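Engineer:
In UniProt numbering, the protein residues as written are 1 to 438.
(1) Round the Cβ separation of residue 302 and residue 261 to the nearest angstrom and send it over; I've been treating them as touching at under 8 Å.
(2) Count Cβ pairs between the region 65-80 and the region 38-49 that sit closer than 8 Å; are there 3 or more?
(3) Determine, using beta carbons only, whether residue 187 comes closer than 8 Å to chain C.
(4) Please give me, in chain order, every unbroken run of the alpha helix (DSSP H) with length at least 4 that falls completely inside the region 155-204.
(5) Here's the rule: buried if 16 or more other CB atoms are within 10 angstroms of the residue's CB, otherwise exposed. What is residue 101?
(6) Just curious, the alpha helix (DSSP H) that residue 55 is in, first and last residue?
(7) Using the C-alpha atoms, what's the distance from residue 239 back to residue 184?
(8) Below 8 Å, how does it come out for the region 309-328 and the region 262-272: are there three or more Cβ pairs, yes or no?
(9) Do three or more CB pairs link the region 145-157 to the region 175-189 at distances below 8 Å?
(10) Pick out the complete alpha helix (DSSP H) segments inside the region 337-383, 4 residues or longer, and give them in chain order.
(11) Could you pull the start and end residues of the alpha helix (DSSP H) that residue 410 belongs to?
(12) Can you tell which of 350, 295 and 351 has the C-alpha that lies nearest to the C-alpha of residue 329?
(13) Alpha carbon to alpha carbon, how far is residue 148 from residue 323? Give it in angstroms, no decimals.
(14) Can you name the start and end residues of the alpha helix (DSSP H) that residue 98 belongs to?
(15) Run through DSSP, which three-state label would residue 274 get?
(16) Please say whether residue 300 and residue 334 have beta carbons closer to each other than 8 Å?
(17) Tell me the DSSP secondary structure of residue 266 in three-state form.
(18) Taking residue 136 as the reference, which of 151, 115, 109 and 145 has the closest Cα?
(19) Have a look at residue 380 and residue 423 and give me their C-alpha separation to the nearest angstrom.
(20) From residue 282 to residue 255, what distance separates their C-alpha atoms?
(21) For residue 162, which option in 123, 80 and 285 has the closest C-alpha, if you only look at C-alpha atoms?
(22) Can you grab the Cα-Cα spacing for the pair residue 211 / residue 220, in whole Å?
(23) Going straight from the alpha carbon of residue 386 to that of residue 376, what length do you get?
(24) Determine contact between the region 111-118 and the region 405-420, defined as no fewer than three beta-carbon pairs at a distance below 8 Å.
(25) Classify residue 112 as helix, strand or coil using the three-state DSSP reduction.
(26) Starting from residue 86, follow the alpha helix (DSSP H) in both directions and report where the run begins and ends.
(27) Are the CB atoms of residue 351 and residue 319 within a distance shorter than 8 Å?
(28) For residue 130 and residue 172, I'd like the C-alpha separation in whole angstroms.
(29) Is it right to say residue 355 is buried, meaning 16 or more other beta carbons lie within 10 angstroms of its own, or is it exposed?
(30) Taking the alpha-carbon positions, what's the residue 353 to residue 216 distance?
(31) Quick one: grab the DSSP three-state call for residue 311.
(32) Helix or strand or just coil, what does DSSP make of residue 142?
(33) I need the straight-line Cα distance from residue 164 to residue 397, nearest angstrom please.
(34) Thinking residue 257 and residue 226 are a contact (beta carbons under 8 Å), I'd like their distance in whole angstroms, please.
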């Protein structure tokens, strides 16, 4: 048996064991009843990742497994726990964990990066920046890549204004010298905010400092114009900055143009760029195919979208859950919920693609919106049987659906399950649910 087969068999076994453990945790059964002789690090990390939406359960599992004979946590398992706790905003617990890691010499820059990201995602930008500064107290010297990570973390969490302030302040104090990547990160952030004025200003500042944009930078700028629905300007940059300078367009550039033009229902142009991508020297990648699927869906040509799936298989590029989610989303948007559910059922039974937590959330939300709560519960139970844990948004959809259907006892039970999982309910859900329970 070759090495590849052995690795795949091992990964499959880890996946199955992790699903069993997650089901035991969610059913409140004893973890000690799980029949396994040796707990491995890959298994522990896999379970913690599956429990990333349920930080309290993740911590329970983490403390249980560290008592197993012959097992020791590493920075990888600690970081996975921090990610799970960060999702439920348990920052005091996170810093306790960091102190524990410090005593074992397991704190890395990756640890601080995770904490910064969790702070940024819950709008605690000041704390994210303070976390960055704390790195030096742990004996970690700030390098350009660390500044880039901080700016990227803030930008990706939709705090590009704060990222820009960090950039300007650090640059003024000569703490670091920005490179092309630094500017590209900020350009992407302002592009997400549809602020083309800042995009153009940064491009000018970049060139004034003698930094020449590369194909990645141009791809980000093209994507920024596409997001702002300035497709003709995006095409102008493609022709004037990419082709005129003999730069080879990246798959990301083709993907942005296909997605943007497709969303504008300029389908023929989107298809043309897909064909160009095929002869560009790059084999079409999954995101490019997904963009083409989306382009067909925007024009309500669902049969053509499904034909793309067949082409993908022939090309050796297997559709992922995101591919099917695009089709399902557009079918729901066009009020074709029966077709959406059929695609959901067939993605695994017919095409062998496992639905993700996000796929289940889309379908549960669809049935709740259609006031078909029984169907939503059926899908929910199917998901739980696979060891996939519901997110806060999925709990919210189901609880609201049950409340609207006047099934308050069941709604209360799921509300309690959400709390037991360590998921903090959003304010509107708590208020609405309390009122409906009175």
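Virtual Cβ for every residue (Gly too), placed ideally from N, Cα, C.
All of these numbers come straight from a predicted model, not from anything done at the bench.
Structural biologist: In this structure, then:
(1) If you number the chain shown from 1, residue 302 lands on position 302. If you number the chain shown from 1, residue 261 lands on position 261. Wrong, their Cβ atoms sit about 18 Å apart, outside the cutoff.
(2) yes
(3) In the structure shown, chain C does not exist; there is a single protein chain.
(4) 160-172 and 180-192
(5) Counting from one through the chain shown, the residue named residue 101 turns up at place 101. Classification of residue 101: buried, given that the 10 Å Cβ count is 16 or more.
(6) By one-based count along the chain shown, residue 55 stands at place 55. Its alpha helix (DSSP H) spans residues 55-65.
(7) Here residue 184 is taken as the residue at index 184 of the chain shown, counted from 1. Here residue 239 is taken as the residue at index 239 of the chain shown, counted from 1. Going from the Cα of residue 184 to the Cα of residue 239 covers about 20 Å.
(8) no
(9) yes
(10) 337-349 and 357-369
(11) Here residue 410 corresponds to residue number 410 of the chain shown, with the count starting at 1. From DSSP, the alpha helix (DSSP H) with residue 410 extends over 408-420.
(12) Position 329 of the chain shown, counted from the start, is the residue given in the question as residue 329. Ranking 350, 295 and 351 by Cα distance to residue 329 puts 295 first.
(13) For the purposes of this step, residue 323 is taken as the residue at position 323 of the chain shown. For the purposes of this step, residue 148 is taken as the residue at position 148 of the chain shown. Near 31 Å, if we compare the C-alpha coordinates of residue 148 and residue 323.
(14) For the purposes of this step, residue 98 is taken as the residue at position 98 of the chain shown. 91-104 is the extent of the alpha helix (DSSP H) around residue 98.
(15) Walking along the chain shown from the start, residue 274 turns up at place 274. Looking at residue 274 - three-state DSSP - the assignment turns out to be helix.
(16) Position 334 of the chain shown holds residue 334. Position 300 of the chain shown holds residue 300. Yes, the Cβ-Cβ distance between residue 334 and residue 300 is below 8 Å.
(17) Residue mapping note: residue 266 aligns to position 266 of the chain shown, counting from 1. Note: residue 266 maps to coil in three-state DSSP.
(18) Translated into the one-based positions of the chain shown, residue 136 becomes position 136. Considering only alpha carbons, the answer is 109.
(19) Within the chain shown, residue 380 is the residue found at index 380, counting from 1. Within the chain shown, residue 423 is the residue found at index 423, counting from 1. One C-alpha to the other measures close to 17 Å.
(20) For the purposes of this step, residue 282 is identified with residue 282 of the chain shown, where counting begins at 1. For the purposes of this step, residue 255 is identified with residue 255 of the chain shown, where counting begins at 1. The straight-line gap from Cα to Cα measures roughly 12 Å.
(21) Taking the first residue of the chain shown as 1, we reach residue 162 at position 162. Comparing Cα positions, the closest option is 123.
(22) On the chain shown, position 211 is the one that residue 211 refers to. On the chain shown, position 220 is the one that residue 220 refers to. Answer to the nearest angstrom: the Cα atoms are 16 Å apart.
(23) The sequence position of residue 386 within the chain shown is 386, counting from 1. The sequence position of residue 376 within the chain shown is 376, counting from 1. Between residue 386 and residue 376, the C-alpha separation is close to 16 Å.
(24) no
(25) Residue numbering aside, residue 112 sits at position 112 when the chain shown is read from its first letter. Helix, per DSSP.
(26) If you number the chain shown from 1, residue 86 lands on position 86. Per DSSP, residue 86 belongs to the alpha helix (DSSP H) from 75-87.
(27) Mapped onto the chain shown, residue 319 falls at position 319. Mapped onto the chain shown, residue 351 falls at position 351. Yes. Within cutoff.
(28) Along the chain shown, read from residue 1 onward, the residue named residue 130 stands at position 130. Along the chain shown, read from residue 1 onward, the residue named residue 172 stands at position 172. Whole-angstrom Cα-Cα distance: 19 Å.
(29) Stepping through the chain shown from its first residue, residue 355 is reached at position 355. With 16 or more Cβ atoms within 10 Å of its Cβ, residue 355 is classed as buried.
(30) Your numbering for residue 353 matches position 353 in the chain shown. Your numbering for residue 216 matches position 216 in the chain shown. Their Cα atoms are separated by approximately 31 Å.
(31) Start at 1 with the first residue of the chain shown, and residue 311 comes out as number 311. If DSSP states are grouped into helix, strand and coil, residue 311 belongs with the helices.
(32) In the chain shown, the residue the question calls residue 142 occupies position 142. Note: residue 142 maps to coil in three-state DSSP.
(33) The residue you call residue 164 lines up with position 164 of the chain shown. The residue you call residue 397 lines up with position 397 of the chain shown. For residue 164 and residue 397, the distance between alpha carbons rounds to 36 Å.
(34) For the purposes of this step, residue 257 is taken as the residue at position 257 of the chain shown. For the purposes of this step, residue 226 is taken as the residue at position 226 of the chain shown. Residue 257 to residue 226, Cβ: 7 Å. Contact.
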